[in-house]
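These notes are about the structure you will find just below.
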Amino acid sequence: MRQLALLGLVFAALFFVPFVVTSEAWQNTILMTLYAALLGQAWNILGGYGGQFSFGHAAFFGTGAYTVAVLQVQLGVNPWVGLLAGGLMAVAVAAFIGFTTFRYGLRGSYFALVTLAFAEVLRILANTVPFTGAGVGILIPLDQSAANLQFASKASYYWLVWAIALAAFLTVWWIGHSRFGARLMAVRDNEDAARALGVDPFAVKMRAIMLSGLFSGLAGVFYAQYFLYLDPAIAYGPAISVESLLVPIVGGMGTLFGPLLGAVALHGVSEASRALIGDLPGISLVLYGTILILMVLFAPRGLAGLVRRLSARRNSRETTNV
Amino acid sequence: MPDLAIIVPSVLNGLTTGALYALVALGLTLIYGVLHIINFAHGALLMVGLYAVYFLHSSFGIDPYVSLLIVPPGMFALGYALQRGIIGRASHGRDENILLVTLGLSIVIENLALFVFRSDTRSVDTPYSFEVVEILGAFLPLPKVVAFAGALITAALLWLLMSRTDLGRAIRALAKERKGAKLVGIDVDHVFAMSFGLGIACLGVAACLLLPSYYVTPQVGHGFVLIAFTIVVLGGMGSFVGALVGGLIIGVVEALGGLFLGESLGQIGIFLIFILVLVFRPTGLLGHKV
Numbered sequence: 001m002r003q004l005a006l007l008g009l010v011f012a013a014l015f016f017v018p019f020v021v022t023s024e025a026w027q028n029t030i031l032m033t034l035y036a037a038l039l040g041q042a043w044n045i046l047g048g049y050g051g052q053f054s055f056g057h058a059a060f061f062g063t064g065a066y067t068v069a070v071l072q073v074q075l076g077v078n079p080w081v082g083l084l085a086g087g088l089m090a091v092a093v094a095a096f097i098g099f100t101t102f103r104y105g106l107r108g109s110y111f112a113l114v115t116l117a118f119a120e121v122l123r124i125l126a127n128t129v130p131f132t133g134a135g136v137g138i139l140i141p142l143d144q145s146a147a148n149l150q151f152a153s154k155a156s157y158y159w160l161v162w163a164i165a166l167a168a169f170l171t172v173w174w175i176g177h178s179r180f181g182a183r184l185m186a187v188r189d190n191e192d193a194a195r196a197l198g199v200d201p202f203a204v205k206m207r208a209i210m211l212s213g214l215f216s217g218l219a220g221v222f223y224a225q226y227f228l229y230l231d232p233a234i235a236y237g238p239a240i241s242v243e244s245l246l247v248p249i250v251g252g253m254g255t256l257f258g259p260l261l262g263a264v265a266l267h268g269v270s271e272a273s274r275a276l277i278g279d280l281p282g283i284s285l286v287l288y289g290t291i292l293i294l295m296v297l298f299a300p301r302g303l304a305g306l307v308r309r310l311s312a313r314r315n316s317r318e319t320t321n322v
Numbered sequence: 001m002p003d004l005a006i007i008v009p010s011v012l013n014g015l016t017t018g019a020l021y022a023l024v025a026l027g028l029t030l031i032y033g034v035l036h037i038i039n040f041a042h043g044a045l046l047m048v049g050l051y052a053v054y055f056l057h058s059s060f061g062i063d064p065y066v067s068l069l070i071v072p073p074g075m076f077a078l079g080y081a082l083q084r085g086i087i088g089r090a091s092h093g094r095d096e097n098i099l100l101v102t103l104g105l106s107i108v109i110e111n112l113a114l115f116v117f118r119s120d121t122r123s124v125d126t127p128y129s130f131e132v133v134e135i136l137g138a139f140l141p142l143p144k145v146v147a148f149a150g151a152l153i154t155a156a157l158l159w160l161l162m163s164r165t166d167l168g169r170a171i172r173a174l175a176k177e178r179k180g181a182k183l184v185g186i187d188v189d190h191v192f193a194m195s196f197g198l199g200i201a202c203l204g205v206a207a208c209l210l211l212p213s214y215y216v217t218p219q220v221g222h223g224f225v226l227i228a229f230t231i232v233v234l235g236g237m238g239s240f241v242g243a244l245v246g247g248l249i250i251g252v253v254e255a256l257g258g259l260f261l262g263e264s265l266g267q268i269g270i271f272l273i274f275i276l277v278l279v280f281r282p283t284g285l286l287g288h289k290v
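Structural data, given as structure tokens:
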């Protein structure tokens, strides 16, 4: 309950950010941070709580993004409907990938590689078939109105991503406190022991990948509506997959606030690097890669684990002092 | 239905491309078979090798084939240092951590290259770059035929090394039984680093044989990573012959895919094979049942 209260407090505070921060540039930075937290939280459901390391979350993200874009541009479907459809299509893709991989007990590194391959297949398809605009990409015509899920103000976009992120964080809080979550973590920690205790690992992992896919897909829908342009490299490229896993790994996998911590830390670092050394091609990614290596080497439990370890050390020091 | 006059050259061309893929995959096979490391940085390290060959040629006028004496040893040293300094320390007993660290390495290496070299495409012009050889009515670029032979020789050398030398025996012992190998006095960290170094040295060989007919950009490794993994999986993890055969199969699949489905869709066959093999036969076509 304390966690839920803290979550409520954090998101309530986040809600009022656009009233306090009025600079468009800063609003954009905070928006992109929250969006990264959403992407990371989506990955965290499957990777952090389920222990299934996907290297291909772009498959879900891109499907959500392309669904809303194609529906609007080719068929004139309202993007609010597209939002729903994008989420559902991403769930369908997740179910398909989950079914083919979990059915045959693919785990660990094999699962990582297969998810990457699925994302590549989708990227090649999007690069080829005409209704996605192929390699040229797809441009969503500018038509700013709330009914059209396009906003003139950054603040409105911010509240959209805020709402989706809130749903994702609440879902993860529920995972941490439900029977389903307990089963998921049991499968992560020891799949064979979990099965012996009567847990059906396949069913549990299927649910996790579908939930994970849902929020990745919604993040994709948001991306499409915010930037109004997509191409196969953006939607299905490895950059999204990497960002999805980097955020919770830096922040702390399998924790509720880990992705938020990770997103703030990563965006903080990239903003700081931009301020210090300017906007040079590749440098921010060099930093990201270095952070990833350092985290795995020295803090495999992420920032959340680091915080916990430090506070544990202080507590033990206090008790020894007494 | 295109007739044989189109299919045969296409298949032969695919075989030579496949040999290049096999060269890249040989190192990956060694690394996977022994250390059980899924080396995500394989493509990025290939790119490093390609730039090394390129600079030896553009700065000192050294022919790519002469670079075979310089680049593979250099790559070996790089691989040895990476394994001892970073990758070996990162595992904390979990495969996923190695996956993440090598992913991080590939991001760092690639983007440093992007920063230093920009995304310009560079290639090496040699007198023989555009020479062709006629085989069975197909005109094949000479460098690709050389690379084909080079892949066979490299695989044979690796096989000799693994079966006839003390290092090879130590590597095989480690691959089979880590604890036992340690008990009989094998320096585990050293042998691991030697294997990783050898795997990366194979990339050096591949780079020297590739560049006369290929190009280098900071992202050039991307195209090779998943293909190399496909070959390793297809060939049965850890089997050199498997990697060679797998590479040739993939080369032909890609060539025929391009012929029948068109350039952009052609590669999809590779990934579909990858997914199918991983899902239905993770031990590979030639691998043993685990």
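Protein chains in written order, with full-length UniProt numbering: chain H, 1 to 322; chain Z, 1 to 290. No residue lacks a Cβ here, since even glycine has one placed at the ideal position from N, Cα and C.
- [ ] Using the DSSP secondary-structure output, state which residues sit across from tyrosine 229/H in a beta bridge.
- [x] Tyrosine 229/H pairs with Leu139/H.
- [ ] To the nearest angstrom, report how far apart serine 216/H and phenylalanine 53/H are at their CA atoms.
- [x] Between serine 216/H and phenylalanine 53/H, the C-alpha separation is close to 15 Å.
- [ ] Step through the CB atoms of chain Z and report whether any lies within less than 9 Å of the CB of glutamate 271/H.
- [x] Cβ-Cβ to chain Z under 9 Å: no for glutamate 271/H.
Open item on the list: Could you tell me which whole alpha helix (DSSP H) segments of length 4 or greater appear in the stretch 235 to 269 of chain H?
Closed with: 238 to 251
Task: Three or more C-beta pairs below 8 Å linking the stretch 24 to 41 of chain H and the stretch 174 to 189 of chain H - done: no
Task: 9 Å Cβ cut-off: residues of chain H touching glutamine 267/Z - done: Residues of chain H passing the Cβ test: Glu120, Ile124.
Task: the stretch 193 to 210 of chain Z touching the stretch 14 to 34 of chain Z, judged by at least three CB pairs closer than 8 Å - done: yes
Open item on the list: Nearest by alpha-carbon distance to alanine 36/H: which of Ile277/H, Leu260/H, Leu276/H, Leu310/H is it?
Closed with: Leu260/H
Open item on the list: Using the Cβ count rule (16 or more neighbours within 10 Å means buried), how would you classify valine 220/Z?
Closed with: buried
- [ ] Assign leucine 136/Z to buried or exposed, taking buried as 16 or more other Cβ atoms, counted over all protein chains shown, within 10 Å of its Cβ.
- [x] Result: exposed.
- [ ] Can you pull the chain Z residues whose beta carbon is under 8 Å from the beta carbon of leucine 4/H, in chain order?
- [x] Residues of chain Z passing the Cβ test: none, with the nearest at roughly 30 Å.
Open item on the list: So, does the stretch 220 to 236 of chain H touch the stretch 59 to 74 of chain H, judging by three or more C-beta pairs under 8 Å?
Closed with: yes
Open item on the list: Just verifying my parser: in three-state terms, what is the DSSP assignment at glutamine 219/Z?
Closed with: coil
Task: Straight-line gap, leucine 4/Z to alanine 138/Z (C-alpha atoms, nearest Å) - done: Answer to the nearest angstrom: the Cα atoms are 11 Å apart.
Open item on the list: At the 9 Å Cβ level, is glycine 221/Z part of the contact set with chain H, yes or no?
Closed with: no
Open item on the list: Counting only Cβ-Cβ distances shorter than 9 Å, please list the residues of the stretch 221 to 245 of chain H near chain Z, keeping chain order.
Closed with: Pro238, Val242, Leu245
Task: Secondary structure of arginine 122/Z, DSSP reduced to three states - done: strand
TODO: My understanding is that valine 279/Z touches threonine 100/H, with C-beta atoms under 8 Å, so please give their C-beta distance in whole angstroms.
DONE: 6 Å
Open item on the list: Are the CB atoms of valine 17/H and glycine 104/Z within a distance shorter than 9 Å?
Closed with: In this structure, glycine 104/Z sits away from valine 17/H, with a CB-CB distance that is not shorter than 9 Å.
- [ ] Only counting runs of 4 or more residues, tell me where the alpha helix (DSSP H) segments fall wholly within the stretch 17 to 86 of chain Z, in order along the chain.
- [x] 42 to 60, 71 to 82
- [ ] Please classify aspartate 231/H: is it buried, with 16 or more other beta-carbons within 10 angstroms of its beta-carbon, or exposed?
- [x] buried
Task: DSSP state of glutamate 110/Z mapped onto helix, strand, coil - done: helix
TODO: Taking 9 Å as the cut-off, decide whether the C-beta atoms of residue 329/H and phenylalanine 115/Z are in contact.
DONE: Outside the modelled stretch of chain H, which goes from 1 to 322, sits residue 329/H, for which no answer is possible.
Task: Helix, strand or coil at proline 127/Z according to DSSP, with G and I counted as helix - done: The three-state secondary structure of proline 127/Z, taken from DSSP, is coil.
Task: valine 81/H, buried or exposed, once every other Cβ within 10 Å from all chains shown has been counted against 16 - done: exposed
- [ ] Please look up how many angstroms separate the CB atoms of phenylalanine 118/H and glycine 56/H, rounded, as I've assumed it's under 8 Å.
- [x] 5 Å
TODO: Please go through the same chain and pick out, in chain order, the residues whose beta-carbon is closer than 7 Å to the beta-carbon of valine 133/Z, but skip the five residues on each side of it.
DONE: Leu140, Leu142, Val145
Open item on the list: Assuming glutamate 134/Z is part of the beta strand (DSSP E), what are its boundary residues?
Closed with: 132 to 135
Open item on the list: Against proline 300/H, what residues of chain Z qualify as contacts under a CB-to-CB distance less than 7 Å, listed in chain order?
Closed with: Within chain Z, the residues near proline 300/H are His92, Asn97.
TODO: Name, please, each residue of chain Z whose Cβ falls closer than 8 Å to the Cβ of serine 109/H.
DONE: Ile38, Asp95, Glu96, Leu99
Task: Inter-residue spacing [alpha-carbon to alpha-carbon] between arginine 94/Z and valine 101/Z - done: Cα to Cα, arginine 94/Z sits roughly 11 Å from valine 101/Z.
Task: Reduced DSSP category for leucine 294/H - H, G, I as helix; E, B as strand; rest coil - done: helix
Task: Opening and closing residue of the beta strand (DSSP E) in which proline 130/H lies - done: For proline 130/H, no beta strand (DSSP E) encloses it, and the DSSP letter there is neither H nor E.
- [ ] Would you mind telling me which residues of chain H sit closer than 8 Å to isoleucine 275/Z, beta carbon to beta carbon, in chain order?
- [x] Thr100, Val114, Ala117, Phe118, Val121
TODO: Whole angstroms is fine: what's the gap from glutamate 243/H's alpha carbon to tyrosine 288/H's?
DONE: 9 Å
- [ ] Would you check if the stretch 120 to 136 of chain H and the stretch 234 to 243 of chain H touch, i.e. whether three or more CB-CB distances between them fall below 8 Å?
- [x] yes
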